[in-house]
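Novice: Below is the structure I would like to discuss, written out as structure tokens.
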Amino acid sequence: MDRLGPLDAAFLELEDGDSDTTLSIASVAILEGPAPPPGDFAEVITSKLPLVPRYRQKIHRVPLDLGPPVWVDDDRFDASRHFHRVLIPVPGDENALCELVALLMSERLDRDHPLWEFWVIEGLSGGRWAVLSKVHHCLVDGVAGNALLKLMFSAEDPAKTATEPERDPGTAALLLNAAREIVSLPVDLIRGVGGLVMSPNRAARLIADTAKGLTALASALIPTARSSLSGPIGPGRRYEVARTSLADIGEIRAAFDVTMNDVVLASITSAFRDVLLRRGEKPLPDSVRTLVPVSVRGDAQTLDNRVSLMLPLLPVDIPDPTGRLLAVHRRLAQLKAGKEAEAGAALTGAGAHTPFAPIAWAIRLAANLPQHNVVTVTTNVPGPVEPLRLLGREVLELYPYVPIAMRLRSGVAVLSYRDKVTFGVTLDFASSPEAGFFAKAIEHDLESLLRLARESQA
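Take the sequence shown: its letters are residues 1 to 458, numbered as in full-length UniProt numbering.
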């Protein structure tokens, strides 16, 4: 019986706690034309489903929240209900595509069925077409989603790696299993402590690193300065796309001795600064704290969410592009040295040793309480280096999509593909009227940093 991990289950509880929250992630593949005949795409993807048993499974809740939900085989599984086709409005440009993506991602997936769907989007300018791959965040994180995307677009033979899905155990079996797990929690905890006692040096390092990280994470309890960047969100979304290249980021990295993550986060920082100034608000040192997921996934781990987190304040108060970049670099380096990611992993994993019911109730409650500590979420996932193809057509670009919740009116997902880097910007529709402004601000800052990098090397 395969149950959801603590973080996977948390995404479901957050969604349950707020009717305006939709916690699905997505990628949009832009392909060269022509679009395939109806049914061809669904046939190809359906043939790959034996490679991904989770795509034939649905969520089954344990009564009274006595245990986390489990994955069970959907005995009424019909692949055809997960595939859709839509014609994009004229002129079929990027603005029209982004509006359609925002509309499709505003709708919740049906929990009575496996939590995924594909949309074939026809009518893009230049004879192109697109595929929106939408999946609930409880099923995959960004890294696993990238691996899944490569698998779906690969030529691998499904018969070689197919596995049998889990059958529905029934309510009685779920209750019995939940009772056993509740009883075993203290025993498991004692065993874990016993293992640390047997390895005192490891225990000392673990305790020291976790304590150091928790001290750093505690700073996130300090509310950010009030601004229009956070607050209640509605059901509607906006979606924008910004682009750069790995080569341009490489030039900036080399010139200023920083990392790719530094460059990415600095450009996002600049966009938030520009939005605040455009709205007549002063960018303060404590205006914007972002949640940055950090993957702790091993090579052999499965699709579920394996992440920790960092919570840096973005230096939106610094007007100089170079100064902002170096400030971001210093802050991320300090957080890494402070073991914040390690502490985040300990916190996200603690749910495995805690009864599920109080966790579920607390998350649902938190979804409805005003929080003023975090303003946005930013993710950066390395994508495929090799070109992807589907039905003989090359994938030209990949756009990422990250959901927003809990008063976070914005989120930015970054995904590389071949030599390109794409920023997918998700915004709350009602509170973010500046359509296209955020993405343009990201690109403007990257252009400024590239120019300054080249001038410094001249």
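All C-beta atoms, glycine included, are put in the ideal place defined by N, C-alpha and C. Since this is a predicted model, take the numbers as computed values, not measurements.
Assess, as a yes-or-no matter, whether the region 52-62 is touched by the region 403-420 under the definition of 3 or more beta carbon pairs within less than 8 Å.
Specialist: As far as the Cβ criterion goes, the region 403-420 does not touch the region 52-62, which means the pair count is below three.
Novice: Please list, in chain order, all residues of the same chain as R278 whose beta carbon is under 8 Å from its beta carbon, the five residues on each side excluded.
Specialist: On the sequence shown, residue 278 is found 278 positions in, with the first residue counted as 1. Counting only Cβ-Cβ distances below 8 Å, and skipping sequence neighbours, we find E434, F437.
Novice: Buried or exposed, going by whether 16 or more other CB atoms sit within 10 Å of the CB of G92?
Specialist: Taking the sequence shown and counting its residues from 1, one reaches residue 92 at position 92. Buried, by the Cβ-count rule.
Novice: Taking a contact to mean a Cβ-Cβ separation below 7 Å, would you say L450 touches D274 in this structure?
Specialist: Position 450 of the sequence shown, counting from 1, holds the residue named residue 450. Position 274 of the sequence shown, counting from 1, holds the residue named residue 274. Contact: no.
Novice: DSSP three-state label for V425, please.
Specialist: Here residue 425 corresponds to residue number 425 of the sequence shown, with the count starting at 1. It is a strand residue.
Novice: If I measure Cβ to Cβ from L229 and keep anything under 8 Å in the same chain, skipping five residues before and after, which residues do I get?
Specialist: For the purposes of this step, residue 229 is taken as residue 229 along the sequence shown, with counting starting at 1. F272, V275, L276, S287, V288, V375, T376, R409, S410.
Novice: Write down every uninterrupted run of the alpha helix (DSSP H) in the region 60-123 whose length is 4 residues or greater and which is fully enclosed by it, in chain order.
Specialist: Complete alpha helix (DSSP H) runs here, min 4: 94-105.
Novice: Can you give me the C-alpha to C-alpha distance between L23 and A9, rounded to a whole angstrom?
Specialist: By one-based count along the sequence shown, residue 23 stands at place 23. By one-based count along the sequence shown, residue 9 stands at place 9. Their Cα atoms are separated by approximately 12 Å.
Novice: Taking the straight line between their C-alpha atoms, what separation do you get for R389 and A29?
Specialist: Here the question's residue 389 lines up with position 389 in the sequence shown. Here the question's residue 29 lines up with position 29 in the sequence shown. Distance between the alpha carbons of R389 and A29 is about 10 Å.
Novice: Out of G67, P50, M105, E455, which has the shortest C-alpha to C-alpha gap to E240?
Specialist: Residue 240 sits at position 240 when you count from the first residue of the sequence shown. It is M105 whose Cα lies nearest to the Cα of E240.
Novice: Could you spell out where the alpha helix (DSSP H) holding S267 opens and where it closes?
Specialist: Walking along the sequence shown from the start, residue 267 turns up at place 267. Where S267 is concerned, the enclosing alpha helix (DSSP H) stretches over 260-278.
Novice: Just the Cα atoms here: how many angstroms apart are S245 and K420?
Specialist: Taking the first residue of the sequence shown as 1, we reach residue 245 at position 245. Taking the first residue of the sequence shown as 1, we reach residue 420 at position 420. Looking at the two C-alpha atoms, the distance is approximately 4 Å.
Novice: Do you know offhand how far S125's Cα is from R54's?
Specialist: Taking the sequence shown and counting its residues from 1, one reaches residue 125 at position 125. Taking the sequence shown and counting its residues from 1, one reaches residue 54 at position 54. Going by the C-alpha atoms only, they are around 35 Å apart.
Novice: Going along the chain, which residues of its own chain have a beta-carbon closer than 6 Å to the beta-carbon of F83, five neighbours each way excluded?
Specialist: The count along the sequence shown starts at 1 and reaches residue 83 at position 83. Closer than 6 Å at the Cβ level, and outside the excluded window around F83, lie A42, F118.
Novice: My output table needs one value for I233: the three-state DSSP class, helix, strand or coil.
Specialist: Within the sequence shown, residue 233 is the residue found at index 233, counting from 1. If DSSP states are grouped into helix, strand and coil, I233 belongs with coil.
Novice: Taking its Cβ as the centre, do 16 or more other Cβ atoms sit within 10 Å of P38, making it buried, or is it exposed?
Specialist: Within the sequence shown, residue 38 is the residue found at index 38, counting from 1. P38 should be labelled exposed.
Novice: Among A130, V70, V381, whose alpha-carbon lies nearest the alpha-carbon of E94?
Specialist: Sequence index remark: in the sequence shown, residue 94 carries index 94 (1-based). The shortest C-alpha separation from E94 is found at A130.
Novice: Which stretch, first to last residue, makes up the alpha helix (DSSP H) that contains V135?
Specialist: Mapped onto the sequence shown, residue 135 falls at position 135. It is not in any alpha helix (DSSP H) - V135 instead sits in the beta strand (DSSP E) that spans 129-136.
Novice: Could you tell me the alpha carbon to alpha carbon distance between N373 and A439, rounded to whole angstroms?
Specialist: Position 373 of the sequence shown holds residue 373. Position 439 of the sequence shown holds residue 439. So the alpha carbons of these two residues sit roughly 24 Å apart.
Novice: Is G383 helix, strand or coil by DSSP?
Specialist: What you label residue 383 is simply residue 383 of the sequence shown in a count that begins at 1. Three-state DSSP puts G383 in coil, outside helix and strand.
Novice: Can a CB atom of chain B be found closer than 7 Å to the CB of K150?
Specialist: The structure shown has no chain B; it contains just one protein chain.
Novice: Do you know how far the Cα of G17 is from the Cα of L7?
Specialist: Looking up residue 7 in the sequence shown gives position 7. Looking up residue 17 in the sequence shown gives position 17. Whole-angstrom Cα-Cα distance: 15 Å.
Novice: Answer with buried or exposed for R3, where buried requires no fewer than 16 other C-beta atoms within 10 angstroms of its C-beta.
Specialist: For this step, residue 3 is matched to residue 3 along the sequence shown. Per the 10 Å Cβ criterion, buried.
Novice: First and last residue of the beta strand (DSSP E) that includes L396?
Specialist: Here residue 396 is taken as the residue at index 396 of the sequence shown, counted from 1. Element bounds for L396: 393-401.
Novice: What is the residue span of the beta strand (DSSP E) that I25 lies within?
Specialist: The sequence position of residue 25 within the sequence shown is 25, counting from 1. 24-31 is the span of the beta strand (DSSP E), which, as asked, contains I25.
Novice: Could you tell me the distance, in whole angstroms, from the CA atom of A453 to the CA atom of A333?
Specialist: In the sequence shown, residue 453 corresponds to position 453, counting from 1. In the sequence shown, residue 333 corresponds to position 333, counting from 1. One C-alpha to the other measures close to 21 Å.
Novice: Can the beta-carbon of I252 be found closer than 7 Å to that of V263?
Specialist: Taking the sequence shown and counting its residues from 1, one reaches residue 252 at position 252. Taking the sequence shown and counting its residues from 1, one reaches residue 263 at position 263. It is a contact, given that the beta carbons lie within the stated cut-off.
Novice: Can you name, in chain order, every residue of its own chain whose Cβ lies under 8 Å from the Cβ of P387, other than the five neighbours on each side?
Specialist: Within the sequence shown, numbered from 1, the residue matching residue 387 stands at position 387. Closer than 8 Å at the Cβ level, and outside the excluded window around P387, lie E394, V395, R418.
Novice: Taking Cβ to Cβ, would you say V328 is nearer than 7 Å to P283?
Specialist: As a first step, residue 328 is located in the sequence shown; it is residue number 328 there, counting from the start. As a first step, residue 283 is located in the sequence shown; it is residue number 283 there, counting from the start. Taking 7 Å as the Cβ cut-off, V328 and P283 do not qualify as a contacting pair.
Novice: DSSP state of A242, grouped into three classes?
Specialist: Taking the sequence shown and counting its residues from 1, the one referred to as residue 242 is at position 242. In this structure, A242 counts as strand in the three-state DSSP scheme.
Novice: Since L148 and V52 are thought to touch, with beta carbons under 8 Å apart, how far apart are those beta carbons, to the nearest angstrom?
Specialist: Position 148 of the sequence shown holds residue 148. Position 52 of the sequence shown holds residue 52. Sure, about 7 Å apart at Cβ, within 8 Å.
Novice: Check R454 in the structure and name its three-state DSSP category.
Specialist: The residue you call residue 454 lines up with position 454 of the sequence shown. DSSP places R454 in helix when its eight states are reduced to three.
Novice: Name the two residues that bound the continuous beta strand (DSSP E) containing G411.
Specialist: Stepping through the sequence shown from its first residue, residue 411 is reached at position 411. It spans 410-417 - the beta strand (DSSP E) in which G411 sits, taken as one unbroken run.
Novice: In the DSSP output, what is P293 paired with across the bridge?
Specialist: Taking the sequence shown and counting its residues from 1, one reaches residue 293 at position 293. Answer by DSSP bridge pairing, in chain order: L309.
Novice: Between I442, S456, H444, L391, which has its C-alpha nearest S47's C-alpha?
Specialist: Counted from its first residue, the sequence shown places residue 47 at position 47. Taking only the C-alpha atoms, the option nearest S47 is L391.
Novice: By a C-beta neighbour count over all protein chains shown, 10 Å radius and 16 as the cutoff for buried, is A35 buried or exposed?
Specialist: Locating residue 35 in the sequence shown gives position 35, where the first residue counts as 1. By the neighbour-count rule (16 or more Cβ atoms within 10 Å), A35 is buried.
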